[in-house]
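For reference, the structure discussed in these notes is given below.
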Amino acid sequence: MRISYSRYSTYRHCPQQYKLQYVDRIPTPRAVVLEFGTAMHSALRLMHDPSRIRVPSVEELIDAFAKAWNPVPPEGVEADWGLWFEEGTKILQRYHGEHAEREEGRHTIDTERFFNLPLEGGHVLTGRMDRVDVIGDKRLEVIDYKTSRRMPPLTAVDQNAQLAIYRLAAGQLYPGFEVTTTLFFVLLGQRIQTSQDEQFVKETKDDILDALTSIELEEFEPRLGGHCDWCAFRSHCPFFRAPVEPEDLDVDIAAALRKYAEADVAGKKADTRKEEAKELINRYLDQCQAERVEKSGYVAERRTYKRVTRWDLERLREALSPLGRWEAVTQVNTTALRRLAESRDLPREARKAIEEAATYSESRQLRVRALTDDDDSEETG
Ligand code: SF4
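In terms of our numbering, the sequence shown has 155 at position 149, counting the first letter as 1, and numbering is strictly consecutive.
This is the structure we're talking about:
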């Protein structure tokens with residue numbers, strides 16, 4: 007399977023978003039920041055193109071930016087689209103002023119260098135490095151342009167998986183160099199160089215392999231959080247999309263929600279009614295392939311939880327004994343074992359073995375409540 011950094015990072019951000027974007031191929035709306043970044047990258051590629059004898063003029067740079075610019079504004083930014091273009095040209099003028107003179111002892115050997123990195127299990131990691139510079143005889147700097155307006159803290163950059171991937175790729179494409187990686191914030195004219203160690207690079211590679219295994223197993227659980235408010239796929243996500251009612255739908259969802267809410271208020275004596283209503287709501291959600299429904303002033307939300315019901319002790323012993331970790335397991339404790347399975351100081355195979363030694367059961371929890379002003383979506387169904 008082929009995976010790029012952006013796909014891997016989408017999967018880690020929210021597996022369900024990965025599914026909607028790359029498996030179901032739901033088209034993404036045009037993103038202003040992305041389009042601006044793409045046009046800037048085109049101009050910067052020309053600026054540092056190693057096949058050119060002379061540095062391009064500022065007019066040539068702006069021309070490259072203009073050619074990559076889509077004059078039709080994305081929806082919602084019609085009034086500002088021209089301002090974005092103007093800002094781009096100003097930044098490029100400044101950039102040209104600061105970088106037209108080549109730095110002594112440094113030369114660019116590649117721009118937008120594509121790579122295909124073979125991984126274990128026949129997988130391939132793909133990507134593109136914005137710029138590769140050689141400094142002196144032995145040093146190589148991989149530069150990644152960023153068009154964001156804020157710089158992350160250094161600690162976050164040291165844990166940047168994208169840069170770790172570039173280190174891996176550069177080590178393979180340009181052997182014999184000491185590799186450093188840099189984020190260059192074009193809008194701010196600032197750079198951050200990283201000092202990621204080999205261990206972090208290895209962990210990133212292992213984590214990509216873990217993500218690939220989960221993708222192959224079609225593990226696409228939604229990861230709910232504040233980021234859902236900005237998710238471009240929200241209207242397609244099972245937690246937020248309007249349920250699509252099939253023709254043979256046999257549940258009156260408004261009545262079921264009312265029944266549940268009334269039984270909930272009545273307390274213990276209405277337990278049977280509540281169970282009946284719950285069954286109806288679950289049936290409705292199953293039939294509509296949704297996890298959320300709003301109707302008649304109520305909202306029902308369903309979550310699925312995975313729980314370990316049994317551990318295979320023999321498999322655990324086989325995986326942990328050779329590492330000297332079995333003796334530490336005085337009692338099979340699910341929390342401790344899950345923590346161990348996530349710990350980076352265990353080899354990937356051992357972490358996988360722990361996961362596989364468990365038998366899981368899934369339970370679903372349904373919550374019904376009255377709609378509030380915070381529920382911004384319209385009634386569904
Ligand atoms: S809305 Fe949230 S849970 Fe749903 S796909 Fe987007 S990020 Fe994931």
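Yeah, the Cβ is synthetic: ideal placement off N, Cα and C, and Gly gets one too.
Which ranges does the alpha helix (DSSP H) cover as unbroken runs of at least 4 residues, wholly within the region 283–345, from first to last along the chain? Taking only runs of at least 4 residues, the alpha helix (DSSP H) segments lying wholly in the region 283–345 are 319–326.
Is DSSP giving PRO21 helix, strand or coil here? Translated into positions along the sequence shown, residue 21 becomes position 15. Per DSSP, reduced to three states, the secondary structure at PRO21 is helical.
Residue from LYS312, ASP212, GLY128 and GLU320 whose Cα sits closest to the Cα of GLU348: Counting from one through the sequence shown, the residue named residue 348 turns up at place 342. Ranking LYS312, ASP212, GLY128 and GLU320 by Cα distance to GLU348 puts ASP212 first.
Other residues of its chain near GLY177: CB distance less than 7 Å, five sequence neighbours each side excluded: As a working note, residue 177 is residue 171 in the sequence shown. Taking C-beta separations shorter than 7 Å and ignoring five residues to either side along the sequence, the partners of GLY177 in its chain run VAL185, following chain order.
Nonlocal neighbours in the same chain, by C-beta distance under 6 Å from ILE214, ignoring five residues either side: Numbered from 1 along the sequence shown, position 208 holds the residue referred to as residue 214. Result list for ILE214: TYR14, in chain order.
Is there contact between the region 215–227 and the region 122–131, where contact requires at least three CB pairs shorter than 8 Å? Three or more Cβ pairs closer than 8 Å define a contact, and the region 215–227 meets that threshold against the region 122–131.
Following a CB-centred definition, is PRO228 positioned closer than 7 Å to any heavy atom of the ligand SF4? Counted from its first residue, the sequence shown places residue 228 at position 222. Yes; taking the cut-off as 7 Å, the Cβ of PRO228 has a heavy atom of the ligand SF4 nearer than that.
Within 7 Å: the Cβ of GLN23 and any heavy atom of the ligand SF4? Reading the sequence shown from its first residue, position 17 is the one you call residue 23. GLN23: yes, Cβ under 7 Å from the ligand SF4.
Hey, is LEU26 close to the ligand SF4, as in C-beta under 7 Å from one of its heavy atoms? Here residue 26 refers to the residue found at position 20 of the sequence shown. Under cutoff, so the answer is yes.
Using only CA atoms, which one of LEU193, LEU189 and GLY182 lies nearest to SER201? The residue labelled residue 201 in the question sits at position 195 within the sequence shown. The candidate whose alpha carbon is nearest that of SER201 is LEU189.
Member of ILE287, GLY330 and LEU319 whose CA lies at the smallest distance from the CA of ARG373: By 1-based counting over the sequence shown, the position of residue 373 is 367. Comparing Cα positions, the closest option is ILE287.
Since ALA162 is in the alpha helix (DSSP H), which residue starts that stretch and which ends it? Along the sequence shown, read from residue 1 onward, the residue named residue 162 stands at position 156. Here the alpha helix (DSSP H) through ALA162 covers 160–164.
Given the structure, does PHE191 come close to the ligand SF4, in the sense that its CB is under 7 Å from one of the ligand's heavy atoms? Here residue 191 refers to the residue found at position 185 when the sequence shown is read from its first residue. Not one heavy atom of the ligand SF4 is found less than 7 Å from the C-beta of PHE191.
Between ARG240 and the ligand NAD, is there a pair consisting of the residue's CB and a ligand heavy atom that are separated by less than 7 Å? For the ligand NAD, the structure offers nothing, since it holds only the ligand SF4.
Would you say the beta carbon of HIS102 comes nearer than 7 Å to a heavy atom of the ligand SF4? Indexing the sequence shown from 1 puts residue 102 at position 96. The answer is no for HIS102.
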